[in-house]
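Colleague: Numbering (the UniProt record's numbering), first residue to last: 1 to 288.
Glycine included, C-beta positions come from ideal geometry on N, C-alpha and C.
Below: one structure in structure tokens.
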Amino acid sequence: MNCSKNPDFVLSGLSSDPDKPQLLFGLFLALYLLSLLGNSLLLLAIGADIHLHTPMYFFLSQLSLVDLCFTTTTAPKMLETLWTNNGLISFSECLAQLYFFAVFADMDNLLLTAMAIDRYAAVCHPLHYPLLMTPCRCGLLVGGAWGVAHSISLVHALLLSQLSCSDTHLNEDLMMVLTGLLGISPLLCIISSYAHIFFAVARVPSAQGKKKALATCSSHLSMVILFYSSVFATYLKSPSTSHVSGELGATVMYTLVTPTLNPFIYSLRNKEVKRSLKKILGIESSWN
1 MNCSKNPDFV LSGLSSDPDK PQLLFGLFLA LYLLSLLGNS LLLLAIGADI HLHTPMYFFL
61 SQLSLVDLCF TTTTAPKMLE TLWTNNGLIS FSECLAQLYF FAVFADMDNL LLTAMAIDRY
121 AAVCHPLHYP LLMTPCRCGL LVGGAWGVAH SISLVHALLL SQLSCSDTHL NEDLMMVLTG
181 LLGISPLLCI ISSYAHIFFA VARVPSAQGK KKALATCSSH LSMVILFYSS VFATYLKSPS
241 TSHVSGELGA TVMYTLVTPT LNPFIYSLRN KEVKRSLKKI LGIESSWN
């Protein structure tokens, strides 16, 4: 039972070495600024080029927007703590940060699932793709994802707001069930989509056709692997093997590195995005 009336919490775990805060501050600031730059440029490239107004890039633009918000939810407070060496955060600030952190983390998960569905429709049902992935259905997928993410996060916030002097077992069990469902269901959907995609690609007679079909999924698959590997490294470990530096590395990977790399994975491996970025930046020479 914790009945403390102290309204503040202390953020700990960033660094116990007095020589490291400056190094971590520089590293996190560079990652944060790179995330803002990469995701902003990708949003601008998609919005400025009418050829990129397709379901795949619509989902990608939503992912970039979410990643912008995701890093902004945690990075500024992290940088402030490292700069001032003051980890105090009020209960209301902590609750608000946790709420939005959960919203954007869930949205990352759900948008990757929507993109997997889009790739499944494009590869397995190419002739019916325009009918399957209409703007209305894409909007419903994204709107439903936002609704689910906010609903789950609101439940978490309401449960956590009652933890001060009450039995937490029911809250912990409910949060574990909700988190498990939201984590496992999208992953199973992604695995199922790619199983159908690989079976469809295996039936393509030519090697060139196989390569072309897989090329449309390579960037998304890279993002899925990066996202889930960092999530598993952060949350799926035994308490007995937990280590502060390992937890910090996994958390930074999840909250800063992955959102930073996502736009570059798509922009560097996608000719349409590179062409749009070159027009925006006024670069005439081709990118290799």
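Just curious, the alpha helix (DSSP H) that L52 is in, first and last residue?
Modeller: Careful: L52 lies outside any alpha helix (DSSP H) and carries neither H nor E.
Colleague: Taking the beta strand (DSSP E) that L88 falls in, what are its first and last residues?
Modeller: 88-90
Colleague: Mind checking T84: buried by the 16 CB within 10 Å criterion, or exposed?
Modeller: exposed
Colleague: Could you give the DSSP three-state label for T81: helix, strand or coil?
Modeller: T81 falls in the helix class under three-state DSSP.
Colleague: Ends of the alpha helix (DSSP H) at N262?
Modeller: Secondary structure note for N262: its alpha helix (DSSP H) is the uninterrupted segment 258-268.
Colleague: Mapping the DSSP letters down to three states, classify T134 as helix, strand or coil.
Modeller: coil
Colleague: Check whether the stretch 113-129 and the stretch 65-83 touch, using three or more Cβ-Cβ pairs below 8 Å as the test.
Modeller: no
Colleague: Closer than 8 Å: is that where the CB of A149 sits relative to any heavy atom of the ligand ZN?
Modeller: Within the structure as shown, the ligand ZN is missing, as the structure has no ligands at all.
Colleague: Alpha carbon to alpha carbon, what distance is there between S161 and T216?
Modeller: 44 Å
Colleague: Do the CB positions of H156 and Y99 come within less than 9 Å of each other?
Modeller: yes
Colleague: The alpha helix (DSSP H) spanning S276 covers which residue range?
Modeller: 271-281
Colleague: Assuming V201 and K210 are in contact, meaning their beta carbons sit under 8 Å apart, how far apart are those beta carbons, in whole angstroms?
Modeller: 5 Å
Colleague: So, are the CB atoms of L42 and L29 less than 9 Å apart?
Modeller: Pairing L42 with L29 gives a Cβ-Cβ distance that is not under 9 Å.
Colleague: Can you tell me whether DSSP reads V204 as helix, strand or coil?
Modeller: coil
Colleague: Of the choices I117, G143, L261, V142, whose alpha-carbon is the least far from that of L132?
Modeller: I117
Colleague: Find the nearest neighbour of D108 within the set D173, V231, S206, judged by alpha-carbon distance.
Modeller: The candidate whose alpha carbon is nearest that of D108 is V231.
Colleague: Inspect the beta-carbon positions of A102 and I152 and report whether they are closer than 9 Å.
Modeller: For A102 and I152, yes; Cβs fall inside 9 Å.
Colleague: Would you tell me roughly how many angstroms separate the C-alpha atoms of P186 and M115, rounded to the nearest one?
Modeller: 11 Å
Colleague: Please state whether DSSP places S161 in a helix, a strand or coil.
Modeller: coil
Colleague: Tell me whether I191 is buried or exposed, calling it buried when 16 or more other Cβ atoms sit within 10 Å of its Cβ.
Modeller: exposed
Colleague: Just to confirm before moving on: does the CB-CB distance between I265 and L214 stay below 9 Å?
Modeller: no
Colleague: Mapping the DSSP letters down to three states, classify H125 as helix, strand or coil.
Modeller: coil
Colleague: If we ignore side chains and look at the alpha-carbon of each, how far apart do Y228 and G47 end up?
Modeller: 28 Å
Colleague: From N262 to C94, what distance separates their C-alpha atoms?
Modeller: 27 Å
Colleague: Indicate the three-state DSSP secondary structure (helix, strand or coil) for S286 in the structure shown.
Modeller: Caution is warranted here: a pLDDT of 45 is assigned to S286, below 50, making its placement in the model unreliable, and no coordinate value can be reported.
Colleague: Using only alpha-carbon positions, find the residue among W146, P130, H51, S193 that is nearest to L65.
Modeller: When each option's Cα is compared against that of L65, the closest is W146.
Colleague: When the Cα atoms are used, what is the spatial distance from S92 to T73?
Modeller: 14 Å
Colleague: Please report how far the alpha carbon of Q22 lies from the alpha carbon of Y129, in whole angstroms.
Modeller: 51 Å
Colleague: How close, in whole Å, do the beta carbons of L52 and S276 come, if the pair is a contact with beta carbons under 8 Å?
Modeller: 6 Å
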